[in-house]
Amino acid sequence: MSYIDGFVIAVPTANKQKFVDHATSGDAFFMELGATRVLECWADDVPDGTLTDFRKAVQAKDDETVVFSWIEWPDKATRDAAFAKMMDGSDPRMDPEKNPMPFDGKRMIYGGFTPVVELGGKG
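In full-length UniProt numbering, the protein residues as written are 1 to 123.
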């Protein structure tokens with residue numbers, strides 16, 4: 001069964017192209033290690049909530065845009081192996097000194113998820 005990693009971050013709006021460049025480099029790494037799909041989504045219609053919302057979740061400032069991203073893996077074992085490779089420091093795309101994040105990573109929310117309902121399909 002597939003496995004999903006999800007992420008929500010606040011990116012300075014002025015850094016949109018820097019973010020796209022950073023994501024393109026990093027996402028290629030995940031695809032090389034077995035990801036089946038990666039999506040990086042720039043907020044377009046993200047309403048303010050009464051109690052909570054995407055912006056509040058990442059403490060987005062007025063000059064920041066929320067990005068919602070996910071990586072689809074064929075299974076959790078492939079994902080775990082890829083994350084181990086990411087953390088071992090051997091690939092410069094994953095080195096924050098060589099490829100710094102154009103956003104505040106401390107405000108990123110993320111997690112791994114096992115799908116329980118899936119409609120549609122590839123095709």
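Beta carbons are placed, not taken as given, at the ideal position from N, Cα and C, and that holds for glycine.
Remember, predicted model here, so these are calculated numbers, not experimental data.
For residue i, I'd like the list of residues in its chain whose CB is within less than 8 Å of its CB, leaving aside the five on either flank, ordered along the chain.
i, result
"Ser-25", "Arg-93 and Asn-99"
"Ala-14", "Asp-63"
"Met-108", "Phe-7, Val-8, Ile-9 and Val-58"
Nearest to residue i by alpha carbon, out of the options?
i, options, result
"Pro-47", "Lys-56, Cys-41 and Ala-28", "Lys-56"
"Lys-106", "Ile-4, Val-11 and Tyr-3", "Val-11"
"Gly-112", "Leu-51, His-22, Gln-17 and Pro-74", "Pro-74"
"Asp-80", "Leu-33, Pro-115 and Thr-65", "Leu-33"
"Gln-17", "Thr-78, Ala-82, Thr-36 and Met-101", "Met-101"
"Ala-60", "Ala-43, Ser-90 and Ile-71", "Ala-43"
"Met-31", "Ser-90, Glu-118, Val-116 and Met-86", "Met-86"
"Glu-72", "Gly-49, Glu-118 and His-22", "Glu-118"
"Phe-83", "Val-20, Phe-29 and Met-1", "Phe-29"
"Pro-45", "Pro-115, Gly-89, Tyr-110 and Thr-65", "Reading the sequence as shown, one finds Asp at residue 45 and not Pro. For Asp-45, the nearest C-alpha among the options comes from Thr-65."
"Thr-36", "Val-20, His-22 and Thr-78", "Thr-78"
"Ala-23", "Gly-121, Pro-96, Gly-120 and Thr-50", "Pro-96"
Compare the C-beta of residue i with all C-beta atoms of chain B and state if any pair is closer than 8 Å.
i, result
"Asp-75", "Of the chains in the structure shown, none is chain B; there is only one protein chain."
Given a cut-off of 8 Å, decide if residue j and residue i are closer than it, judged by their beta-carbon atoms.
i, j, result
"Asp-53", "Val-38", "no"
"Ile-4", "Phe-103", "no"
Output needed for residue i: all residues of its chain with C-beta closer than 6 Å, excluding positions within five of it in sequence on either side, in chain order.
i, result
"Lys-76", "Tyr-3"
According to DSSP, which residues form a beta bridge with residue i?
i, result
"Ala-10", "Val-66"
"Phe-113", "Ile-4"
"Leu-39", "Trp-70"
Could you name the residues of the same chain whose beta carbon sits closer than 7 Å to that of residue i, not counting the 5 residues immediately before and after it, in chain order?
i, result
"Cys-41", "Val-67, Phe-68 and Ser-69"
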